[in-house]
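Everything below concerns the one structure shown next.
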Amino acid sequence: MQLHVQYLRSLEDSERIRAACLSYLQRRLFRFYPEHKRLVDELQQLAGSLGSRLEVSQLRWKYSLIQKLLGWKLTMRVRQHYNRSKSFLVRSIDKALFCLEGTR
């Protein structure tokens with residue numbers, strides 16, 4: 001991720017690019033938090049070099065209870081499984097509707 005930010009900033013080092021880099025880092029922070037403290041610290045340092053600080057995003061309401069009961073790591077697994085299942089269901093419905101449309 002450091003290389004991504006360095007490459008993008010080598011092309012243009014403007015406020016817009018720094019904001020895009022911060023957004024990129026912020027969206028990926030949850031993948032490392034809280035299990036990989038060293039990586040989170042490195043991301044914070046990188047964000048500091050861009051002139052800001054990363055914030056740990058709050059979980060949506062539907063996951064906050066799970067997080068309190070089962071912890072962060074298991075909540076992330078539940079979230080990932082839920083999103084994959086939801087995507088599979090939407091794709092399946094879309095395929096079924098496409099097949100039904102073709103039989104008309």
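Be aware that the sequence shown starts at 1, since it is given in the working numbering, and climbs by one per residue.
All C-beta atoms in this analysis are idealised placements derived from N, C-alpha and C, irrespective of residue type, glycine included.
Excluding sequence positions up to five away, which residues of its chain have a Cβ less than 7 Å from the Cβ of residue i?
i: Glu35; result: Lys73
i: Gln2; result: Leu46
i: Leu100; result: none
i: Lys86; result: none
Once the 5 residues before and after residue i are set aside, which same chain residues still bring their CB inside 6 Å of it?
i: Gln26; result: Leu54
i: Leu59; result: Gln67
i: Phe98; result: none
What residue does the alpha helix (DSSP H) around residue i start on, and which one ends it?
i: Ser10; result: Gln2 to Leu11
i: Glu42; result: Lys37 to Ser49
i: Ser23; result: Glu15 to Arg28
Starting from the C-beta of residue i, find all residues in its chain whose C-beta is less than 8 Å away, skip the five residues before and the five after it, and write them out in chain order.
i: Val5; result: Cys21, Tyr24, Leu25, Leu46 and Leu50
i: Arg9; result: Ile17, Arg18 and Cys21
My understanding is that residue i touches residue j, with C-beta atoms under 8 Å, so please give their C-beta distance in whole angstroms.
i: Leu39; j: Phe32; result: 4 Å
i: Arg79; j: Tyr63; result: 6 Å
query: Would the region 84-103 and the region 62-74 be scored as touching if the rule is three or more Cβ pairs under 8 Å?
result: Here the region 84-103 makes no contact with the region 62-74; the two share fewer than three CB pairs at distances below 8 Å.
Inset, instruction - Kindly provide the ranges of any alpha helix (DSSP H) runs that are 4 or more residues long and lie completely inside the region 52-88, ordered along the chain. - result: 61-70
Checklist entry - Pairing CB atoms from the region 39-59 with CB atoms from the region 21-29, are three or more of them under 8 Å? => result yes
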